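Colleague:
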Ligand code: PHB
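Numbering (the numbering used here), first residue to last: 701 to 1091.
As structure tokens, this is what we get:
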């Protein structure tokens, strides 16, 4: 049964959607609701995306196609019910024409029905489970998909004589995507997964799982943890002495996240990972991005989440240019389909068929450069589509 509040919410969303076609065009301001985990275990994702969105607007101005852009930032603390409530309030009370952010998969999924009902674009700047874009025709993703990364590191491990690997992932949707796509690519390349473990998302304690890894004696340990959780893993990995065990550490780029990599210490040196973004990506566009980001945020290094936010703003700006400032949600999503441009991470495209991101995925090795740890690229798979969509 619907509660009175739910019925009010649905009616209000329907009204908001109905009004958007005529009113949006006439208004001078286009509001964007940016919903991020600014507190809680994923706060680094919120901090990174917020900083990148501010940088984009400082560089490109707060007016596009004759419309003033106003970003309203809300903290969902990583709690899905809060994300849903904030999305609803932003659309109904504040009149936002776009919702954006979404630091974790459950948060992106919670907002999907709201986006569909209100016909408001949902720009996923962070979350990475394959299925997300299929949950609403109004979702456009500018981050990554976990299968893109897990498949590429799995292929590398298969080709590079790893032989036997143990898989350790966080126990929620993107972790299961990582486990599946790593295993698929690795076994196709002749590798064998000799053990699998899933660690709870809430208050993770890796120690008992790391003991299992040590006992299994694989040649490599494959790891997926979401951004913000790598520091706990790194501490326990070293405490358990796994850095001295000869077991090679391989991962999606979520573990050696630029936001925390230096805290990892020397145990990270040599770690091989796959990811669409490294702060050390050697393009001119990225050098300028990192310099500008660090000038505006002196104690931060931009990570892969930051470019999801930066490029997400570019997608919104370019779509508004194409519609001549019309913020009707259906028109904006149509205008976003097929957008293709140079990001700090390299060339990216919004797949017109899936609204998901197509991008290069780089192979990287952690190295010390002038005393600091960086993910140094040594290979790339160009223009990877989400492999999760093809099955
Ligand atoms: C997700 O919840 O989809 C997610 C979050 C952080 C990551 C990767 C995936 O680093």
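The beta carbon of each residue, even a glycine, is placed where N, CA and C say it ideally should be.
Note that the structure is predicted; figures quoted are calculated from it, not measured.
According to DSSP, is residue 1047 part of a helix, a strand, or is it coil?
Modeller: As a working note, residue 1047 is residue 347 in the chain shown. Of the three classes helix, strand and coil, the one that applies to residue 1047 here is strand, per DSSP.
Colleague: Return helix, strand or coil for residue 980, following the three-state DSSP convention.
Modeller: Along the chain shown, read from residue 1 onward, the residue named residue 980 stands at position 280. Residue state, collapsed to three classes: coil.
Colleague: Taking three-plus beta-carbon pairs below 8 Å as touching, is the segment 755–765 in contact with the segment 782–793?
Modeller: no
Colleague: In the DSSP assignment, find the unbroken beta strand (DSSP E) run with residue 870 in it and report its ends.
Modeller: Looking up residue 870 in the chain shown gives position 170. 864–870 is the extent of the beta strand (DSSP E) around residue 870.
Colleague: Determine the direct distance from the alpha carbon of residue 1054 to that of residue 968, and round the result to whole angstroms.
Modeller: Along the chain shown, read from residue 1 onward, the residue named residue 968 stands at position 268. Along the chain shown, read from residue 1 onward, the residue named residue 1054 stands at position 354. Computed Cα separation, rounded: 36 Å.
Colleague: Taking all protein chains shown into account, do 16 or more other C-beta atoms lie within 10 angstroms of the C-beta of residue 1078, making it buried, or fewer, making it exposed?
Modeller: Walking along the chain shown from the start, residue 1078 turns up at place 378. When all chains shown are included, residue 1078 counts as exposed.
Colleague: Pick helix, strand or coil for residue 832, following the three-state DSSP scheme.
Modeller: Start at 1 with the first residue of the chain shown, and residue 832 comes out as number 132. DSSP places residue 832 in helix when its eight states are reduced to three.
Colleague: Return the CA-CA distance between residue 724 and residue 730, expressed in angstroms with no decimal places.
Modeller: Here the question's residue 724 lines up with position 24 in the chain shown. Here the question's residue 730 lines up with position 30 in the chain shown. Here residue 724 scores only 45 on pLDDT, less than 50, and its place in the model is too uncertain to base an answer on.
Colleague: Does any heavy atom of ligand 3 sit closer than 6 Å to the C-beta of residue 827?
Modeller: By its list of ligands, the structure shown excludes ligand 3, since it contains just ligand 1.
Colleague: Which of helix, strand or coil does DSSP assign to residue 919?
Modeller: Taking the first residue of the chain shown as 1, we reach residue 919 at position 219. Correct three-state label for residue 919: coil.
Colleague: Compare the Cα-Cα distances from residue 986 to each of 1006, 971, 783 and 888 and report the closest residue.
Modeller: Taking the first residue of the chain shown as 1, we reach residue 986 at position 286. The shortest Cα separation from residue 986 among 1006, 971, 783 and 888 belongs to 1006.
Colleague: Please report the distance separating the alpha-carbon of residue 939 from that of residue 903.
Modeller: Residue mapping note: residue 939 aligns to position 239 of the chain shown, counting from 1. Residue mapping note: residue 903 aligns to position 203 of the chain shown, counting from 1. Their backbone Cα atoms lie some 18 Å apart in a straight line.
Colleague: For ligand 1, I want to know if residue 868 counts as a neighbour, meaning its beta carbon is within less than 6 Å of at least one of the ligand's heavy atoms.
Modeller: As a position in the chain shown, residue 868 is number 168, starting the count at 1. For residue 868, the Cβ stays outside the 6 Å cut-off from all heavy atoms of ligand 1.
Colleague: Start and end of the beta strand (DSSP E) containing residue 964?
Modeller: Counted from its first residue, the chain shown places residue 964 at position 264. That residue, residue 964, is in no beta strand (DSSP E); its alpha helix (DSSP H) goes 961–964.
Colleague: Quick one: residues in its chain with C-beta nearer than 7 Å to the C-beta of residue 741, no 5 flanking neighbours on either side, listed in chain order?
Modeller: For the purposes of this step, residue 741 is identified with residue 41 of the chain shown, where counting begins at 1. Answer for residue 741: 778, 928 and 929, listed in chain order.
Colleague: Taking 6 Å as the cut-off, is the beta-carbon of residue 926 closer than that to any non-hydrogen atom of ligand 1?
Modeller: Reading the chain shown from its first residue, position 226 is the one you call residue 926. Checking every heavy atom of ligand 1 against the Cβ of residue 926, one is found closer than 6 Å.
Colleague: Comparing alpha-carbon positions, which option in 934, 853, 1043 and 887 lies nearest residue 952?
Modeller: Translated into the one-based positions of the chain shown, residue 952 becomes position 252. With distances taken between CA atoms, residue 952 lies nearest to 853 out of 934, 853, 1043 and 887.
Colleague: Compare the C-alpha of residue 966 against each of 834, 800, 1036 and 941 and name the closest.
Modeller: Locating residue 966 in the chain shown gives position 266, where the first residue counts as 1. Cα-wise, what sits closest to residue 966 is 941.
Colleague: DSSP three-state label for residue 925, please.
Modeller: Looking up residue 925 in the chain shown gives position 225. Three-state result, residue 925: coil.
Colleague: Need the endpoints of the alpha helix (DSSP H) that residue 739 sits in, please.
Modeller: The residue you call residue 739 lines up with position 39 of the chain shown. Note, residue 739: premise wrong, no alpha helix (DSSP H); not H, not E.
Colleague: Run the CB neighbour count on residue 984, radius 10 Å, all protein chains shown included, and call it buried at 16 or more, exposed below.
Modeller: Walking along the chain shown from the start, residue 984 turns up at place 284. Exposed is the call here.
Colleague: Classify residue 1074: buried if its beta carbon has 16 or more other beta carbons within 10 angstroms, exposed otherwise.
Modeller: To locate residue 1074, count along the chain shown from 1; it is residue 374. In this structure residue 1074 is buried. Its beta-carbon is surrounded by 16 or more other beta-carbon atoms within 10 angstroms.
Colleague: With respect to 6 Å, is the separation between the Cβ of residue 833 and the closest non-hydrogen atom of ligand 1 below this value?
Modeller: Numbered from 1 along the chain shown, position 133 holds the residue referred to as residue 833. Answer for residue 833: no, Cβ out of range of ligand 1.
Colleague: In three-state terms, what does DSSP make of residue 942?
Modeller: Mapped onto the chain shown, residue 942 falls at position 242. Reduced to three states, the DSSP call for residue 942 is helix.
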